[in-house]
Amino acid sequence: MVVVLAVMMIGTMLAIAALSLTTGDQPELRKSLAVKQAYAAAEAGLHYYLFHLAQDNQYWAKCTTVAAPGPGQPNPVNQRWSGSGSDPRVWRTLPGDDSSYTIELLPVNGASSCDPANPALTMINTDTGMMRIRASGRAGAAKRSIIATLRRRSFIDYLYFTDFETSDPVTYTGNPYTAAEAQTNCVKYRAQRPSSCTVISFANNANVNDKINGPFHTNDDIIVCGSPTFGRRPGDVVEVSGPAPGWDNSCSNSNPIFLGTWQTAAKSLAMPPTNSSLSTLVAAAYKFTGTTTIRLSTANMTVTTGGTTTTKSYPANGLIYVKSGSCGTTIAPPVQDYSEPSGCANVYVSGTYSQNLTIASEKDIIIRPPVGDATANGDLKRSGDVMLGLIANNFIRVYHRVTRSGTPTPTSCTNSLPEMDDVTIEAAMLSLSHSFIVDNSACGNGLGTLTVTGSIAQRFRGPVGTLSPTGFSKAYTYDDRLRYREPPFFLVPVAAAWRIVRQNEQVPAR
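Counted the way the numbering used here counts, the sequence shown spans residues 13 to 522.
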């Protein structure tokens, strides 16, 4: 009996001890659960905002004037709160739970709040093209905050982007179509257009070694000859919007090499029709009219326009815009003699830049040496960790002057001074209606290498040389900084989807 009583006493004491420990742990367990619920609520707020961005690409531009999630429910999108004083934010309670979330818009470029009258300047970082929001969650006494950096899908996600994998209609000369006929017949994707439209192949043979050293996208599909290489590594997407197999050959035994991740039926990216939106964002001192020459240097830039040359500092917001005066509807012809009217917004640019900059033209941008400087070249190079954007409504061209001989129809041509045997361009380039080309690329003796580090986006494929050889050989490499940054005010595709570039927890929570 004594032993039994002793055992029962010990068991009772152990039960009491266990109950005491369990009861003592309950506050910590509740606190731990609340902390996890608060983080889950913050994530719910983040995905609430992303859901509405997916439904409406301009949701962010409305700032806090967005619709409430439902009748009688609060709108949880707020201006940024400094954390001082009473909390002015509107919180939304999660259905079936006592946790809630709130969302704050984090302004940039020196702004104090998101302004629906000027959302781009107040919410989109002009150096990176990114936007930030803060989603905070609370459960009981626990609070946690997540800061998310968002970016839209962009043309500069790719080293090489094209809308149509055919030659620009303005380059057609009557075999088989005139330019006007090509505009009707060949502005179609390959599944619909006639086979008689001129197509430029990606090739790898004795004379051409095409390598796309970076991510690639076309809204079309591709034609190959031999074994050209696409991408550098699996992280480089190589995608076509056409259906599988996504490529065809223009010569026998063709077999493209995909070092990047190959994808067919990729979503198309629609190009904006013009860059006119940038004309409203440029500072008055950096908005020029007619033919303009810009020579960049590490300290400043020299601008010649309307017969006057001035030295100017880089624009504070990083944007230059050139519009046309008396120009008419002139489009750069395949035979280029540089005699277009001075009222046309042709921008001749070269030099070394040391600030983030975007140059936009209502017409063409031409990379060429400055006039009268026999020792200068036409390179566009960066000095430091900076970026350059070139956006033309029409063409982005590489200068190549030639002299034609033979009458009445020229039968031969030779290169003329200034001659650029090797050209380096470090920039993100966007030709909205036409192509990135080399002027007179089918004429004269072969030149050197055209080295591009950055991104090329164009509506049509543009020639830079021929197998004769004439023009340049290509060395194009993606600037991996463009995955996370962009030149100031660089244009994005129409209805481009937003994605999270990175997210991190803010400690302490707001």
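All C-beta atoms in this analysis are idealised placements derived from N, C-alpha and C, irrespective of residue type, glycine included. Since this is a predicted model, take the numbers as computed values, not measurements.
Asked, Found
"How about the region 140-155 and the region 52-72: do they share at least three Cβ pairs that are nearer than 8 Å?", "yes"
"Ignore the nearest five residues each way along the sequence and tell me which others in K335's own chain have a CB closer than 6 Å to its CB.", "T301, A357, E374"
"Assuming N197 is part of the beta strand (DSSP E), what are its boundary residues?", "Element bounds for N197: not the beta strand (DSSP E) but the alpha helix (DSSP H), 191-197."
"At which residues does the beta strand (DSSP E) containing A215 begin and terminate?", "214-216"
"Would H64 pass as an interface residue toward chain D - the criterion being a Cβ-Cβ separation below 8 Å?", "Although the question refers to chain D, the structure presented lacks it and comprises just one protein chain."
"Taking 6 Å as the limit between beta carbons, can you name the residues of its chain near S262, skipping five residues before and five after?", "S213, I235, C237"
"Do the CB positions of N405 and N287 come within less than 8 Å of each other?", "yes"
"For a minimum of 4 consecutive residues, which ranges assigned as the alpha helix (DSSP H) are wholly contained in the region 454-484?", "none"
"Please report the distance separating the alpha-carbon of S98 from that of T24.", "51 Å"
"Return the bridge partner residues of Y333 from the DSSP annotation.", "K299, A372"
"When you compare the region 267-280 with the region 240-252, are there three or more beta-carbon pairs, one atom per stretch, that lie closer than 8 Å?", "yes"
"Please determine, among Y170, F176, Q195, the residue with the shortest C-alpha to C-alpha distance to V182.", "Q195"
"Run through DSSP, which three-state label would W72 get?", "helix"
"One question on the structure: do N312 and K324 come within less than 8 Å of each other, judged by their Cβ atoms?", "yes"
"Quick one: using the 10 Å Cβ neighbour count with 16 as the cut-off for buried, is L503 buried or exposed?", "buried"
"Could you have a look at S570 and say whether DSSP puts it in helix, strand or coil?", "Past the boundaries of the shown model lies residue 570; the chain is included only from 13 to 522, so the question cannot be answered."
"Assign G483 to buried or exposed, taking buried as 16 or more other Cβ atoms, counted over all protein chains shown, within 10 Å of its Cβ.", "buried"
"Helix, strand or coil: how does DSSP classify M135 here?", "helix"
"Where does the unbroken beta strand (DSSP E) through T161 begin, and where does it stop?", "154-164"
"For S289, count neighbouring C-beta atoms within 10 Å of its own C-beta (all shown protein chains included) and say buried if the count is 16 or more, exposed if not.", "exposed"
"Thinking just about the alpha-carbon of each residue, which of G355, N368, A154, V315 is nearest to the one in D397?", "N368"
"For a quick check, are the C-beta atoms of S94 and R150 less than 8 Å apart?", "no"
"Among V199, T241, R380, L402, which one has its Cα closest to the Cα of T489?", "T241"
"Just how far apart, CA to CA, sit R495 and P246?", "15 Å"
"Skipping 5 residues on each side, what residues in its chain have a beta carbon closer than 6 Å to that of L65?", "Y71, W510"
"Please report the distance separating the alpha-carbon of A454 from that of F501.", "34 Å"
"Using beta-carbon positions only, say whether G363 and I379 come within less than 8 Å of one another.", "no"
"How many whole angstroms separate the CB atoms of V359 and T304, which I take to be in contact at a CB cut-off of 8 Å?", "5 Å"
"Which runs of the beta strand (DSSP E) fall wholly inside the region 276-329 and span at least 3 residues, in chain order?", "299-301, 304-308, 313-317, 320-324"
"Can you tell me whether I377 is buried or exposed, with buried defined as 16 or more other CB within 10 angstroms of its CB?", "buried"
"Which word fits V476, buried or exposed, when buried means at least 16 other C-beta atoms lie within 10 angstroms of its C-beta?", "buried"
"Can you tell me the Cα-Cα spacing of T77 and L117, whole angstroms?", "12 Å"
"Could you give the first and the last residue of the continuous beta strand (DSSP E) run that contains H446?", "Looking at the DSSP string, H446 is not in any beta strand (DSSP E), and its letter there is neither H nor E."
"Going by C-alpha to C-alpha distance, which of V199, S208, S239, Y170 sits closest to N217?", "S239"
"Among the residues of its own chain, which have a CB less than 8 Å from the CB of Q515, if the five just before and after it don't count?", "L58, I158, I159, A160, T161"
"Quick test of your reading: L392 and I437, contact by CB under 8 Å. State the CB separation rounded to the nearest angstrom.", "5 Å"
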